[in-house]
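Protein chains in written order, with our numbering: chain W, 58 to 507; chain G, 16 to 218.
Ideal placement from N, C-alpha and C gives every residue a C-beta, glycine not left out.
Let me begin by presenting the structure, written as C-alpha cells, before commenting on it.
Here it is as C-alpha cells:
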C-alpha cells in the first residue's frame, strides 16, 4: 500500500534533519525532574521562601501572639475547603461586590489600581457573565459573557478618540467541557482570595466566631507581590469570611490591607455570594452596541453552517459557504459539494469527491485556484467535509463581482481522472472586502464594524 | 531510542495508558520510567523538528515537557484527548515559548549554528555514500515544501503523518478546533501533493 502524503512528508522531514537519540544522562535528568515535579506541593512558593524567613516568622508569631490554638488554624483550612466543596454542588451563583482593577482599563483613571464594582452570574451548564463598572457613576467598562457556544468580551470606548471593541470567540468545542466552568471560576476566586494570605498554618492570627453566620478572620502578611491587588510583599493583610453554618457556603469574603499611616484596615476586595438564585433571561445574551469594532476569532468554523448560494445539477448539490479575501485580494472560497440522493453515479468503495474551480471577476481578471483539484473526502464514508479553495487573481483586481465555476466530480482515487460527467455550476457573487492579513483561514480573525 | 525500540519498550511496559496516568498521579517512580520509555522519543522528535534541529534545546524542552506532564497530570482528561496528543500539546506550548524567547533575543542559538562541513562529516561517518546525498536531497525538498506551505500546514501534515493523530487530536496539540484542522489538512494535502508532483517532474 502506498504512503499517504502526510507519511511521505513526515519521512522527508525526518530524513532531512534526523532526530538524534537522547543522551543517556538526559534519562536520569528527566526521571529526577519528574520525581521533583511529582513531589512538588501545590503552592510552589513555599519552596521559594527561605528557611530563615520561615523560621523568623514562626518566632515572631509566637512572640507576638503566643502559641495560637491549633484548632483555629485547622478551622481556617476547613472553612476554605468546605466553601470550595459547597461551590461544587451549586446550580447557580450571583457574586457582586468591589474588586481592584488596573486603572489603565478604567475610564477616567491613570495607571494606578482603582476600586471597581463587579458583578458575576454563572450556572453549572457553562453560562457566565461578568461586568465591571466604575464606582463613581457605574459606567460599564468591561463585560465578559460565555453562553456555551461562544465567548464575547466587550470594552466600551473610554474617551472621544477611542473605539469600543468587542472580541468574539467561537468555541463550540469548549461547550463540551463547559459544565463545571462556573465551579472552576468561583473556586478560583475563592482560592485566590484565601491564597493571598498563604497557607493557614502561616497565618499570624485566626479566629472563628459562630453565630447566624460563622465569621472567620485571619491575618497574615502578603507573601508575594500582586499587581492586580496592588499588594507588596510583607504588607499586612486580613481576610474575613462569612459562612452559612448550615451549608458551608460563603456569604461574603472580604480582603483588607493595613494602611500604616492611618493605622486602619481598608477594604481591598469584597464579594457577596448568592447561591442557587434564578438568572434573569436578559443576562444570557449581549447585543454588541452600534459603533463597536468587533474582532471575531475562530470565526472560520462558522463557515460550514452558513450558505451564501446553492445550486443543484443532476448529480450534485453545490453550496458556497463563504467568500473571504486577504490583503492582497486572494479569495478564500469555502464550499461543499455533495452527491444528490438521486444520483445516477455508481461509486466504487474507494471513490472520492473532488472539485475543480475557476473564477473571473467583472473586470476580466482571472482567478486561479492554487491547487489543480481539491478533495472533499471519500464518498462512501462520512468524511465529505467542506474545503477551502484559494483563488489568486492573475493581476490587480478592481472588480466588484466574482463569477465562480465549480466542477464537482467523483474519481476512483485522489487526484485521478473524473469518472463522472462534467457538471459545472456557476455562481456570481460580490467580491468580499479584504481582511488585514495574509492568510484569512489561518489567522482566523475577522473585523466587523457595528 | 528508535521507534522500533520504543515499541519494544512500550510492549515491555505493558500497563495501560489509564494505569500509567494513575501511577503518575500517585507519584509512582515506576510510572515515571514508563512515561520516559513510552513517550520520550516521540516528544523529542516533535520538539526537535519544531526547533529546526536545535538538539540541545530540544533535549531540554523534552525533559521539561515530561516534568510538566507529571506536574499537571491531574488535569489530564482521557475523554478529551489521547495521552500522546495531550503530551504533544505541552511540548508544543513549551516550544512556542522558546521560539518567542528567541524572537525577542533576535539571535540564532549557538546550538543550531552548525557549520555545513560538520553535517557532512556526521553523515559521512555513519554512511560514506548514500546517507549524505539522501539527507541533502530531503533538505532541498523540505525547503521547497516550506516555501510553498505555511508553518501550520507543515505541522498538521507532519503530526498526522508521523503520529497518526486525528484532526481533533492535532487541534488539541496546536490549540485549534477540529474543523479548522480538517480544513487546513485539505488545503495542505493539496498544496503538498502539487509540490511533490512538481518536484518529481523537475527531476
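Completely contained beta strand (DSSP E) runs for the segment 378 to 434 of chain W, where each covers 3 or more residues: 388 to 396, 409 to 418, 423 to 426
Reducing DSSP to helix, strand and coil, say where residue 203 of chain G ends up. helix
Taking residue 167 of chain G as the reference, give the member of G/53, G/195, G/106 with the closest Cα. G/195
What runs of the beta strand (DSSP E), each 3 residues or longer, lie entirely inside the segment 147 to 180 of chain G? none
Buried or exposed (CB count within 10 angstroms, at least 16 for buried), residue 452 of chain W: exposed
CB residue 425 of chain W to CB residue 449 of chain W, shorter than 9 Å? yes
Any C-beta of chain W sitting closer than 9 Å to the C-beta of residue 176 of chain G? yes
Determine, using beta-carbon pairs with one atom in the segment 475 to 487 of chain W and one in the segment 367 to 376 of chain W, whether at least three such pairs fall under 8 Å. yes
With a cut-off of 8 Å, do at least 3 Cβ pairs link the segment 91 to 109 of chain G to the segment 57 to 72 of chain G? yes
Beta carbon of residue 103 of chain G nearer than 9 Å to that of residue 164 of chain G: no
Give a yes or no on whether 9 Å exceeds the smallest Cβ distance from residue 125 of chain W to chain G. Per-residue confidence for residue 125 of chain W stands at a pLDDT of 39, beneath the threshold of 50, marking its modelled position as unreliable; no derived number is given.
Using the beta-carbon of each residue, which ones in chain W are nearer than 7 Å to residue 181 of chain G? Within 7 Å Cβ-Cβ: nothing; residue 181 of chain G doesn't reach chain W, min ~11 Å.
Own chain partners of residue 439 of chain W with C-beta closer than 6 Å, once the 5 adjacent residues on each side are dropped: Unreliable placement is indicated for residue 439 of chain W, whose pLDDT of 39 sits below 50; the coordinate value is still reported in the next sentence. There are no such residues.
Compute the distance between the beta-carbons of residue 461 of chain W and residue 390 of chain W, then report whether it is under 9 Å. yes
Residue range of the unbroken beta strand (DSSP E) whose run includes residue 464 of chain W: 458 to 468
Quick check: what's the CA-CA separation for residue 78 of chain W versus residue 111 of chain G? 22 Å
Given a cut-off of 9 Å on the beta-carbon distance, is the pair residue 497 of chain W and residue 383 of chain W in contact? yes
Short Cβ contact (9 Å threshold) for residue 161 of chain W with residue 173 of chain W: no
To which residues does DSSP link residue 208 of chain W through a beta bridge? W/203, W/226
Would you mind telling me which residues of chain W sit closer than 8 Å to residue 64 of chain G, beta carbon to beta carbon, in chain order? 70, 71, 74, 76
State whether the segment 134 to 146 of chain W contacts the segment 312 to 320 of chain W, with contact taken as three or more CB pairs (one from each stretch) at a distance under 8 Å. no
How would you label residue 67 of chain G, buried or exposed, when you count the other beta carbons within 10 angstroms and need 16 or more for buried? exposed
Element boundaries [beta strand (DSSP E), containing residue 178 of chain W]: 170 to 180
Output needed for residue 418 of chain W: all residues of its chain with C-beta closer than 6 Å, excluding positions within five of it in sequence on either side, in chain order. 454, 456, 459
Extent of the continuous beta strand (DSSP E) to which residue 152 of chain W belongs: 149 to 159
For residue 352 of chain W, report the span of its beta strand (DSSP E) as first-last. 349 to 354
According to the neighbour-count rule (16 or more other Cβ atoms, all chains shown, within 10 Å of its Cβ), is residue 77 of chain G buried or exposed? buried
Does the distance from the C-beta atom of residue 534 of chain W to that of residue 324 of chain W stay below 9 Å? Nothing about residue 534 of chain W can be reported from this structure: the residues present for chain W run from 58 to 507 only.
Residues of the segment 178 to 196 of chain W with a CB closer than 7 Å to any CB of chain G: list them in chain order, please. none
Report all residues from its chain with a CB closer than 6 Å to the CB of residue 211 of chain W; omit the five preceding and five following residues, and keep chain order. 200, 223
Using the Cα positions of residue 202 of chain W and residue 342 of chain W, report the straight-line distance between them to the nearest angstrom. 8 Å
Below 8 Å CB to CB, which residues in the same chain sit around residue 45 of chain G once its five sequence neighbours on both sides are set aside? 38
If we cut at 9 Å on Cβ distances, does residue 137 of chain W have a partner in chain G? no
Output yes or no for whether 9 Å exceeds the beta carbon distance between residue 177 of chain W and residue 169 of chain W. no
Measure how close the beta-carbons of residue 465 of chain W and residue 412 of chain W come, nearest whole angstrom, since I'm counting them as under 8 Å. 5 Å
Please identify the residue among G/185, G/209, G/203, G/204 whose C-alpha is closest to the C-alpha of residue 95 of chain G. G/185
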